[in-house]
Amino acid sequence: MPASTIKLHVSHTYRVPPAVVYDAWLNPEIARRFLFATDDGHVIRADIDPHVGGRFFIVDRRPTGDAFHQGVFLELKRPRRMVFSFSVEDHDHNCDRVEIDIEPLGGGSRLTLTHEMCAEWAEHEEKTRKGWAHVVEGLGRELEQQQMKATG
1 MPASTIKLHV SHTYRVPPAV VYDAWLNPEI ARRFLFATDD GHVIRADIDP
51 HVGGRFFIVD RRPTGDAFHQ GVFLELKRPR RMVFSFSVED HDHNCDRVEI
101 DIEPLGGGSR LTLTHEMCAE WAEHEEKTRK GWAHVVEGLG RELEQQQMKA
151 TG
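Heads up: the sequence shown is residues 1 to 152, going by the UniProt record's numbering.
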């Protein structure tokens, strides 16, 4: 990574084990309900090829137009860690890297996401942090709904 980068961090705690959090992130049917999904949009495409060198491509249809999110998996160590490159179509952030670490926490887990982005995008740091917070919170809501269905 170049020296001119910004690292932002987002964490969230879940009531499920790390493997459940990890697997949800890589399952296209689940991911389409939280990954880059906005409150006023609808994910119309969620392609995830979960292996090192595999790609993901997520399209969220928003009132302002389609938002494209893509990347390549650089590291996958189930159930504790994944690393991927990240870019959005209108900004080719070729130096963006996202690390997700999931640690056991009692009967649940804590996910910590670190996004390393080019310093030239500093004005977007807070918006990016809020976007990731929305993603990890959305994953929490999705996992809670799945848990409620499973327990009846």
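Just so it is clear, CB atoms sit at the ideal spot from N, CA and C, and this is done for glycine as well.
* Tell me where the alpha helix (DSSP H) around residue 26 begins and ends. => 18-26
* Among residues of its own chain, excluding the 5 on either side of residue 45, which ones have a beta-carbon nearer than 6 Å to its beta-carbon? -> 59
* Asked: Is the Cβ of residue 73 closer than 7 Å to any Cβ of chain D?
  -> Protein chains in the displayed structure number just one, and chain D is not present.
* Close Cβ partners of residue 215 (< 8 Å) along its chain, the five nearest in sequence each way excluded -> This structure does not reach residue 215, given that the chain is present from 1 up to 152, and the question cannot be answered.
* To do: In the DSSP assignment, find the unbroken beta strand (DSSP E) run with residue 59 in it and report its ends.
  => 55-62
* Asked: According to DSSP, is residue 132 helix, strand or coil?
  -> helix
* How about residue 71 and residue 86: are their beta carbons less than 7 Å apart? -> yes
* Would you identify the three-state DSSP class for residue 1, choosing helix, strand or coil? => Reliability of the predicted coordinates at residue 1 is poor, the pLDDT of 45 falling under 50, and the value obtained from them is presented with this limitation in mind. Residue state, collapsed to three classes: coil.
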